[in-house]
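Chains as they are written, first to last, in the working numbering: chain A, 1221 to 1483; chain B, 1221 to 1483; chain C, 1221 to 1483; chain D, 1221 to 1483.
Protein chains: 4
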Amino acid sequence: MAATSDTNTDVLTIADKTLSSRLLLGTGGFRSLDALAGALAVSGSELVTVALRRIDPGQHGSIVDVLDRAGVQLLPNTAGCFTARDAVLTAKMAREAFETNWVKLEVIGDERTLLPDAPALLEAAEELVDDGFVVLPYTNDDPILARRLEDVGCAAVMPLGSPIGSGMGLLNTYNLRLIRERAGVPVILDAGVGTASDAALAMELGFDAVLCATAVSRAEEPETMARAIRLGVEAGRLAYRAGRIPRRLYAQASTPDEGFPEY
Amino acid sequence: MAATSDTNTDVLTIADKTLSSRLLLGTGGFRSLDALAGALAVSGSELVTVALRRIDPGQHGSIVDVLDRAGVQLLPNTAGCFTARDAVLTAKMAREAFETNWVKLEVIGDERTLLPDAPALLEAAEELVDDGFVVLPYTNDDPILARRLEDVGCAAVMPLGSPIGSGMGLLNTYNLRLIRERAGVPVILDAGVGTASDAALAMELGFDAVLCATAVSRAEEPETMARAIRLGVEAGRLAYRAGRIPRRLYAQASTPDEGFPEY
Amino acid sequence: MAATSDTNTDVLTIADKTLSSRLLLGTGGFRSLDALAGALAVSGSELVTVALRRIDPGQHGSIVDVLDRAGVQLLPNTAGCFTARDAVLTAKMAREAFETNWVKLEVIGDERTLLPDAPALLEAAEELVDDGFVVLPYTNDDPILARRLEDVGCAAVMPLGSPIGSGMGLLNTYNLRLIRERAGVPVILDAGVGTASDAALAMELGFDAVLCATAVSRAEEPETMARAIRLGVEAGRLAYRAGRIPRRLYAQASTPDEGFPEY
Amino acid sequence: MAATSDTNTDVLTIADKTLSSRLLLGTGGFRSLDALAGALAVSGSELVTVALRRIDPGQHGSIVDVLDRAGVQLLPNTAGCFTARDAVLTAKMAREAFETNWVKLEVIGDERTLLPDAPALLEAAEELVDDGFVVLPYTNDDPILARRLEDVGCAAVMPLGSPIGSGMGLLNTYNLRLIRERAGVPVILDAGVGTASDAALAMELGFDAVLCATAVSRAEEPETMARAIRLGVEAGRLAYRAGRIPRRLYAQASTPDEGFPEY
């Protein structure tokens, strides 16, 4: 029997949506639709990203059918957009196609790093919020930008741990802590997760959720990794709530001679 | 519903014992026997350490009753021993008291760091193996010493991640990898775990199990942390088996334009 | 006798200025003008920052006299500016006051972290370049922003290692490498240096120069630290040019049995 | 002009020897005797290691001539010895050959990692001290073992930063700090240095000296790297003495509004 966590009462609320799962899944990169369906099922994810550019939403036998059968909510992204204008346009097309005003906003700075373009991201976010979108921006780990994205009305902020698909984990936990500490909206780690411990660490920093794509879809066994990262997210969340011991420079015996009753 | 893992078939074998759980729990430092019992139950641990020095095994209403009711196997340790001679003597007394020839061997170098004394540890290990003990030594992260401990017949090696009770996690993953890579017996991370991601990371390095004490017993909510670390161990084990993506210096889109079918 | 480095021929060129020293010094935070003068002399720095807000350039017996006597060039900064408009105005006042069109551009996002505000920084940089300034922007470690700053005509980019005055060194060497790799203008590490090894590391990553302020001015012995960091910069520059050995996972004897002549 | 450091009065004393330079150089791995001579000259090193096994001390035109001309003191090592007995024997032969009772003691645990064998090292150290040697043991980063080596009479301890020739720098600064903090004899970082900042960091931790071999001999330009590492050692030593600023989680302006006189 695996451990169970009391996730029932520890829900995540983004805008008007309430989620039991704190793992968001990206749908790109799977070797087949079956692999996607399998990973999705074990992940427990309730909110998954899709890229409009790859999908014809009306086509049957497509990824949309898979997601529909899984009963998950779609979060269209603007992957592949390199300007604010292009991202805004893509968001609007996705709103039509998927009948949702939620968007994971990406405005990419260059193809090699896929890092976000900060000024263009802020500009696009502001425009989409004004147009009634629920905007979840993929951003770098800049605490100032995160704050400004929140200030223009984003429903969450989604800083990266490291570049998309790099699997390098959380490169700058200092900045990520700062973002978490000062945010008034949910903070979701997006990009960089390579394995379960990365996801656990993000949650232990107080992040509200984790989004994974490549780490699952390109693992040797995507389904097993989906389960691993799901458990990692749950483990990290519980550990955050449990109140960890402080780090100490010197040892402390678990059985000191004084200070509490011997039994 | 929490995720389930197929731990049924992925068992851990140490000497002649087969365990379903890869989490070992230390019993020291809990605020009460009830706290211990609660953490033990959710941890799923099947093998727990006890310090002879703190316990009168014959006394009722004691920690031994708690462990007995939990149905776990005891692993006596030689905590507090500073010489090979003292550790060997303590191991023999524990064998009598707890009616088991298993021992977690500790020979400590000083009180401040509680780091092991390498030469004395090797000497005690050899003597105890010769005397018929199943010896699981608490060692530092020295790959050469780990190999020598295995060579004298230890049933597992238990390197530290960082000092006992420090909660600093895994300070030298390079050495820990080396130990794992070259060991022919189970390798169990002992000491240094502060939170769930530390446990997950150890398992992702290929460790066979993790032992926690202070991280659970001194957490603000020991029971919640026991569950967190249990899930962390399971997450890390699954991630190890799933085959993680490689770390890359540059980004890789989860939805590249070429290389596999569009759907 | 201390080592000498052939810095004579390894000069740094920013816009139309050629510098022998790769260490820039900030002038704030010293306990006295004498302490500043002493540190400045041993640092070898030829370009030092001054904050207009703290200085009345016409006043005798002031910091300006000290810098004048030291024969260094002034680089006015816009410390304390929180908007593009304020930074631009301050730059223009500094141009009048110090009779230089060079400016170290700072647009700060908040008082607690003193991190730069990316969109406002880019806006101010563009405006100042258009107005004929030689702009050296203090920026975060975002490779995309660094590129955009270069694209609008900045004469150098000055990414941080960690927040101003934090002394935390280089938190994200991955991003710093990316910035270095793609920049066509000099890259100067600004902020975060706490000690000599931080400065050396920045230079080993290929950075063209290092700016220090707090690390020197608030050290217990500023003059000794100025000398230390000067040597650190020189050491790192030489190491960069010397071509370091690769990192290896396994040992390599310096005296292997094969591969080159025994002597 | 390069910076000069007041190394004149900051000497290093090991046993009865007083050294101005805190950089020890290994002589193995150079592409030619000329390369060795060049690197040696710029390094400023006064104490260099030689491996008896590679050298016929009586042969002219050999490495010994080079070292003789350089006026440096020889420190024979026992490289290539895998047992205490072999190391002791080699040390005695070296004493005859080089007419010095100093020895850098190496007892290696395996060929792949070249990590020391702790129990065998301690045994050999004790025996050599009893026989009148001045023993400088190459050890791992184990604080307990370092203390025991000092207790048996070693004149210094030489912990590694990472495996010989790996260039991975200082993997476990926590343990290295512990060793430094508790040692009553000089502590010399031996092995792992890959570049100048590694050497500076070791000195900033309070180490008394640094030994380099591969980092210099196998650099693309050994002479330039020798100069770089020499400056790194000096920089780190000065920084240690200068008293660095503390690390802070938040920014601190170098020009705060309060707390010291405005000028």
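Where is the CB? At the ideal position from N, CA and C, for every residue including glycine.
| Asked | Found |
| --- | --- |
| Nearest-angstrom Cα distance between Gly-1246/B and Thr-1393/C? | 38 Å |
| Just to confirm, are Phe-1318/C and Leu-1294/C a CB contact at a threshold of 7 Å? | yes |
| Could you check where the beta strand (DSSP E) with Asp-1410/A kicks off and where it finishes? | 1408 to 1410 |
| Could you tell me which chain C residues have their CB closer than 8 Å to the CB of Gly-1387/D, listed as they occur along the chain? | Arg-1464, Ile-1465, Pro-1466, Arg-1467 and Arg-1468 |
| Give the interface partners of Glu-1339/A over in chain C, defined as CB-CB distance under 7 Å, in chain order. | The sequence given here has Pro at residue 1339/A, not Glu. Going along chain C in sequence order, the residues near Pro-1339/A (Cβ under 7 Å) are Ala-1338, Pro-1339 and Leu-1342. |
| Near Pro-1368/B, which residues of its chain fall below 8 Å by C-beta distance, leaving aside the five closest residues on each side in sequence? | The sequence shown places Arg at residue 1368/B, not Pro. Counting only Cβ-Cβ distances below 8 Å, and skipping sequence neighbours, we find Leu-1342. |
| With a threshold of 7 Å between beta-carbons, can Ser-1417/D be considered close to chain C, or not? | yes |
| Could you check whether Glu-1266/A and Val-1292/A sit closer than 7 Å to each other, using their CB atoms as the reference points? | yes |
| Does the structure place the stretch 1394 to 1414 of chain D close enough to the stretch 1396 to 1410 of chain C that three or more beta carbon pairs sit under 8 Å? | no |
| Can you find a C-beta in chain D that's less than 7 Å from the C-beta of Leu-1243/C? | no |
| Express the C-alpha separation of Val-1349/A and Tyr-1483/B in angstroms, rounding to a whole number. | Annotation note: pLDDT 31 at Tyr-1483/B (below 50); position unreliable, coordinate value reported separately. Straight-line Cα distance between these residues: approximately 30 Å. |
| Note down, in chain order, all residues in the stretch 1431 to 1446 of chain A with a beta-carbon under 7 Å from any beta-carbon belonging to chain B. | Ala-1433, Thr-1434, Ala-1435, Ser-1437, Arg-1438, Ala-1439, Glu-1440, Glu-1441, Thr-1444 and Met-1445 |
| Between the alpha carbons of Arg-1438/D and Met-1388/D, how many angstroms are there, rounded? | 14 Å |
| Name the residue from Thr-1333/D, Val-1354/D, Leu-1398/D and Thr-1444/D whose alpha carbon lies nearest to the alpha carbon of Arg-1468/C. | Thr-1333/D |
| Take the Cβ of Gly-1385/A as the centre, count every other Cβ of all protein chains shown within 10 Å, and call the residue buried at 16 or more, exposed below. | buried |
| Would you mind stating whether Leu-1325/D and Thr-1298/D have Cβ atoms separated by less than 7 Å? | yes |
| I need the straight-line Cα distance from Asp-1330/A to Arg-1242/D, nearest angstrom please. | 47 Å |
| Between Thr-1444/D and Arg-1461/C, which are expected to be in contact by the criterion C-beta below 8 Å, what is the C-beta distance as a whole number of angstroms? | 6 Å |
| Are Ala-1304/C and Ala-1338/C closer than 7 Å when you measure CB to CB? | no |
| Within the continuous beta strand (DSSP E) that includes Asn-1395/C, where are the two ends? | Asn-1395/C -> not in any beta strand (DSSP E); alpha helix (DSSP H) instead, spanning 1393 to 1402. |
| Assuming contact is defined by CB atoms lying nearer than 7 Å, are Leu-1272/D and Thr-1310/D in contact in what I supplied? | yes |
| Along chain A, which residues have their Cβ under 8 Å away from the Cβ of Asp-1246/C? | Just to set this straight, residue 1246/C is Gly in the shown sequence, not Asp. Going along chain A, no residue has its Cβ under 8 Å from Gly-1246/C, so there is no contact; the nearest lies around 21 Å. |
| Whole angstroms are fine: how far does the CA of Arg-1457/A sit from the CA of Ala-1420/A? | 7 Å |
| Below 8 Å on the Cβ atoms is my guess for Ala-1314/D versus Val-1327/D; work out the distance and round it to an integer in Å. | That belief does not hold up - the Cβ atoms of Ala-1314/D and Val-1327/D are roughly 14 Å apart, past 8 Å. |
| Chain A beta carbons: is any one of them nearer than 7 Å to that of Gly-1291/B? | no |
| To the nearest angstrom, how far is it from the Cα of Asp-1230/B to the Cα of Leu-1396/B? | 22 Å |
| Give me the residue from Leu-1380/B, Val-1377/B and Pro-1442/B with the minimum Cα distance to Ala-1259/B. | Pro-1442/B |
| Report buried or exposed for Ser-1263/B, applying the criterion of at least 16 other Cβ atoms within 10 angstroms of its Cβ. | buried |
| Using a Cβ-Cβ cut-off of 6 Å (strictly less than) and excluding sequence neighbours within five positions of Ala-1459/B, which residues of its own chain qualify? | Glu-1424 |
| Between Glu-1346/C, Leu-1390/C and Leu-1398/C, which has its C-alpha nearest Gly-1373/C's C-alpha? | Glu-1346/C |
| Compute the distance between the beta-carbons of Ile-1465/A and Thr-1434/B, then report whether it is under 7 Å. | yes |
| Which class does Ile-1283/C belong to by DSSP, given the choice of helix, strand or coil? | helix |
| Say whether chain D places a C-beta atom closer than 7 Å to the C-beta of Leu-1498/C. | Nothing about residue 1498/C can be reported from this structure: the residues present for chain C run from 1221 to 1483 only. |
| How many angstroms separate the CA atom of Ala-1307/A from the CA atom of Ser-1382/A? | 22 Å |
| Compare the C-beta of Ala-1420/A with all C-beta atoms of chain B and state if any pair is closer than 7 Å. | yes |
| As a quick exercise: from Pro-1363/A, Val-1268/A and Ile-1364/A, pick the residue whose alpha carbon is nearest that of Thr-1320/A. | Val-1268/A |
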